[in-house]
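A quick write-up on the structure given underneath.
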Amino acid sequence: MIQMEKNIVSFNNTVDVEEMPVQISVENVNIYYGENHAVKDVNLPIHEKSITALIGPSGCGKSTFIRTINRMNDLIPGARCEGSLLYKDVNILNPKVDVVQLRKEIGMVFQQPNPFPKSISENIQLPLRFAGVRNKKTLNQVTEDCLKQVGLWDEVKDRLDRSALGLSGGQQQRLCIARALALKPDVILLDEPTSALDPVSSAKIEELLLELKNSYTIVIVTHNMQQAARIADYTAFFYQGELIEFGKTKTLFTNPEKKSTADYISGRFG
Amino acid sequence: MKISKIATADPASRLDNNAKLINEKGLLWRLTDRASETRGKMFIYSSALLMIVAVIAITLFLMIQGLRAFVVDHLNFWTFITGTQWYPDRTVNPSYGAFPFIFGSMAVTFLAALIATPIAIGTAIFMAELAKKWGTKVMQPVIEILVGIPSVVYGLIGLSIIVPFMRQHFGGSGFNLLAGAIVVGIMILPTVASIAADSIRAVPDSLRQASYAIGATKWQTIWRVVIPAAGSSLVTAIVLGMSRAFGEALAVQMVIGNVTKLPGSIFDPSATLTTIITLSMGHSTMGSVLNDALWSLGFLLLLISYVFIVIIRFLSRRRNA
Numbered sequence: 001m002i003q004m005e006k007n008i009v010s011f012n013n014t015v016d017v018e019e020m021p022v023q024i025s026v027e028n029v030n031i032y033y034g035e036n037h038a039v040k041d042v043n044l045p046i047h048e049k050s051i052t053a054l055i056g057p058s059g060c061g062k063s064t065f066i067r068t069i070n071r072m073n074d075l076i077p078g079a080r081c082e083g084s085l086l087y088k089d090v091n092i093l094n095p096k097v098d099v100v101q102l103r104k105e106i107g108m109v110f111q112q113p114n115p116f117p118k119s120i121s122e123n124i125q126l127p128l129r130f131a132g133v134r135n136k137k138t139l140n141q142v143t144e145d146c147l148k149q150v151g152l153w154d155e156v157k158d159r160l161d162r163s164a165l166g167l168s169g170g171q172q173q174r175l176c177i178a179r180a181l182a183l184k185p186d187v188i189l190l191d192e193p194t195s196a197l198d199p200v201s202s203a204k205i206e207e208l209l210l211e212l213k214n215s216y217t218i219v220i221v222t223h224n225m226q227q228a229a230r231i232a233d234y235t236a237f238f239y240q241g242e243l244i245e246f247g248k249t250k251t252l253f254t255n256p257e258k259k260s261t262a263d264y265i266s267g268r269f270g
Numbered sequence: 001m002k003i004s005k006i007a008t009a010d011p012a013s014r015l016d017n018n019a020k021l022i023n024e025k026g027l028l029w030r031l032t033d034r035a036s037e038t039r040g041k042m043f044i045y046s047s048a049l050l051m052i053v054a055v056i057a058i059t060l061f062l063m064i065q066g067l068r069a070f071v072v073d074h075l076n077f078w079t080f081i082t083g084t085q086w087y088p089d090r091t092v093n094p095s096y097g098a099f100p101f102i103f104g105s106m107a108v109t110f111l112a113a114l115i116a117t118p119i120a121i122g123t124a125i126f127m128a129e130l131a132k133k134w135g136t137k138v139m140q141p142v143i144e145i146l147v148g149i150p151s152v153v154y155g156l157i158g159l160s161i162i163v164p165f166m167r168q169h170f171g172g173s174g175f176n177l178l179a180g181a182i183v184v185g186i187m188i189l190p191t192v193a194s195i196a197a198d199s200i201r202a203v204p205d206s207l208r209q210a211s212y213a214i215g216a217t218k219w220q221t222i223w224r225v226v227i228p229a230a231g232s233s234l235v236t237a238i239v240l241g242m243s244r245a246f247g248e249a250l251a252v253q254m255v256i257g258n259v260t261k262l263p264g265s266i267f268d269p270s271a272t273l274t275t276i277i278t279l280s281m282g283h284s285t286m287g288s289v290l291n292d293a294l295w296s297l298g299f300l301l302l303l304i305s306y307v308f309i310v311i312i313r314f315l316s317r318r319r320n321a
């Protein structure tokens, strides 16, 4: 079975190079929606300038977990988190944390591309304006930099003032990533960023993420195991709210410790 | 087992073995048979037809009546809509200048919108963004009650509160343009607020999430993302309120003073197209010049209402595009 796995997936070869320091340390995190215990006692390190993939079947708590990292779960009434997510010596779950500042440092990209119904340049400039940047030159410079980083600059430089809704789905998603980069965050969270896209656009985003991990810490939720295998340095397998296994992607895919991990990655359920 | 049973069901067991595939039953059968759709269809089609005929008939009737003043009575159309002298009762040289009423209607409408818009949008934001539960449980019913209050009640409140207030603080009789605008503004407030709340609720949550995810505060999200995204439907709410304000007669008539002169300021009494029609129609004889002139005002009112509808249509089409 494991032999077969090796044949269908190609691994991100940088995994073995070096172990990056831990940026966010997750300890005993429990998340509840009302009575529903959605995430149970999760412990895992998120390494700096690496890609950590969260995989698992639908409803396993991986999206809930990723949304806790920048406190987006605060917006859901009845959601409650316990435990510790240590980032810069601060527990992210501490109620005194300034979530607005936190989200400036830990950005997020969603499953459905959600550009604002504004022009392409305004989409990237809005986070800066929210942060109080007024200088036209800075705004334009950041717009150009971010669009170049996501490889969108050459495609849209002649129509920066046109509506972002006129872009294709893949372009919109890259614009959303560019928007998340505008404030130069430390961490970028991506919640199934390619599941609404065609294979070509998905491949472009994967390529982009591999490039971005040189400067940013990336956490990605994905349904697509091949995607995790292709791009992630570390993979966490969630099942029924529990973190079943966490490890280097190559190890987890070729030599899983737990039986349910092996069953899931070989496609026996999920 | 079960599946094969269904698959081999005997055709002879069908309810009506004599049913024909070709329908060649006559009109009488189609009208009387229970299974026929014809009666239902006829009812629905004729309802729709009646609606269309009614609209066309009203427009045509108003047009014919409204044009009499110019065709039969030879009033000059231009002096009619720009003239400021309205003296229909003068035996020598009566004059029909409707501009003060057109101006009055416009002034009341725009002032009412000016008063109602900020409050209505504020209420809508409160209901749809800040206190969602409270907004739908408490505010929504309150607003529905406000919409349902008859306009005469608004007029009465205006008469007993706003008019004395105006008299005390701004002099004169207290009956004036501003009093009319305030009464109508309060009247259209709930309409505008509830439509505006709907349009804010229609803004997809994904945009709010996107905004929070880039480190926006609640206020930044509301002002910079939600309101612009609701954009044209908010304008639709305001225009809808304006069209209601434009057509309101009774409440305005009770507080505006009904003076046929062009007002010099918002603290002068004045009149609108609707108030002059309701006031003068009763004591004018059918076919008299005054009566025809009033019909012309009515026609004008209809045309301007159509303009409002065209604006609303245009805005909502742009929204859906």
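Heads up: the protein sequence lines correspond to chains W and X, in order.
Oh and the first sequence: position 206 is 206 in the UniProt record's numbering, straight run, nothing missing.
Oh and the second sequence: position 51 is 51 in the UniProt record's numbering, straight run, nothing missing.
We treat Cβ as the ideally placed atom computed from N, Cα and C, and that holds for glycine.
Item: Close beta carbons around V259(X), own chain, < 8 Å, minus the five adjacent residues each side; Value: D268, P269, S270 and A271
Item: Member of G174(X), H169(X), I157(X) and Y154(X) whose CA lies at the smallest distance from the CA of V163(X); Value: G174(X)
Item: Residues near R103(W) by beta carbon distance below 6 Å, same chain, minus five either side; Value: N70
Item: Best match in I51(W), E242(W), N114(W) and A196(W) for proximity to S260(W) [C-alpha to C-alpha]; Value: E242(W)
Item: is_contact[P127(W), chain X] using C-beta, thresh 8 Å; Value: yes
Item: Chain W contact for residue 331(X) (CB, 8 Å cutoff); Value: Limits of chain X in this structure are 1 at one end and 321 at the other, which puts residue 331(X) out of reach.
Item: Enclosing alpha helix (DSSP H) for N140(W) [first to last residue]; Value: K136 to Q149
Item: Cβ of A216(X) within 8 Å of any chain W Cβ; Value: yes
Item: Candidates T217(X), V225(X) and T59(X), of which the one nearest L301(X) by Cα; Value: T59(X)
Item: Beta carbon of L190(W) nearer than 8 Å to that of I120(W); Value: no
Item: Cβ of S316(X) within 8 Å of any chain W Cβ; Value: no
Item: CB contact below 8 Å: N73(W) versus chain X; Value: no
Item: Beta-carbon spacing of R224(X), L126(W) below 8 Å; Value: yes
Item: Within the region 172-249 of chain X, ranges of the beta strand (DSSP E) (whole runs, at least 3 residues); Value: none
Item: Inter-residue Cα distance where the pair is N140(W) and T217(W); Value: 25 Å
Item: Burial state of F61(X) (16 or more Cβ within 10 Å); Value: exposed
Item: Spatially closest choice to K40(W) from L86(W), Q240(W), T249(W) and K258(W), by CA coordinates; Value: Q240(W)
Item: Outcome for E248(X) when other beta-carbon atoms lying within 10 angstroms are tallied against a minimum of 16; Value: buried
Item: Minimum Cβ-Cβ distance from L207(X) to chain W less than 8 Å; Value: yes
Item: Cutoff 7 Å; reference Q172(W); Cβ partners in own chain excluding five residues on either side; Value: P113, P115 and A164
Item: Neighbourhood of I3(X) by C-beta distance below 8 Å, restricted to the same chain and skipping five residues each side; Value: Because I3(X) sits at a pLDDT of 49, beneath the cut-off of 50, its placement in the model cannot be relied upon, and the point is left open.
Item: Reduced DSSP category for L44(W) - H, G, I as helix; E, B as strand; rest coil; Value: strand
Item: Residue burial classification, K132(X) (beta-carbon count within 10 angstroms, cutoff 16); Value: exposed
Item: Residues bridged to S84(W) [DSSP beta-bridge criterion]; Value: E27(W)
Item: Interface partners of R224(X) on chain W, CB under 8 Å; Value: L126, R129 and F130
Item: Own chain, CB closer than 7 Å to residue 280(W), minus 5 neighbours either side, in chain order; Value: Outside the shown range of chain W, which is 1 to 270, sits residue 280(W), and nothing can be said about it.
Item: Beta-bridge pairing of Y239(W) - partner residues as DSSP gives them; Value: E242(W)
Item: CB of A180(W) within 8 Å of CB of I188(W), strictly; Value: yes
Item: Straight-line gap, residue 302(W) to G155(X) (C-alpha atoms, nearest Å); Value: Residue numbering for chain W in the displayed model covers 1 to 270; residue 302(W) lies beyond these limits and cannot be assessed.
Item: Residue-chain proximity (L152(W), chain X), Cβ-Cβ < 8 Å; Value: no
Item: CB contact flag (S195(W), Q111(W), <8 Å); Value: yes
Item: The region 71-82 of chain X touching the region 286-304 of chain X, judged by at least three CB pairs closer than 8 Å; Value: yes
Item: Interface residues of the region 180-198 of chain W facing chain X [CB-CB below 8 Å]; Value: A180, A182 and L183
Item: Residues that H74(X) bridges to, as DSSP identifies them; Value: For H74(X), which the question treats as bridged, DSSP gives no partner whatsoever.
Item: Nearest candidate by alpha-carbon position, reference M108(W), set L54(W), M72(W), L44(W) and T254(W); Value: M72(W)
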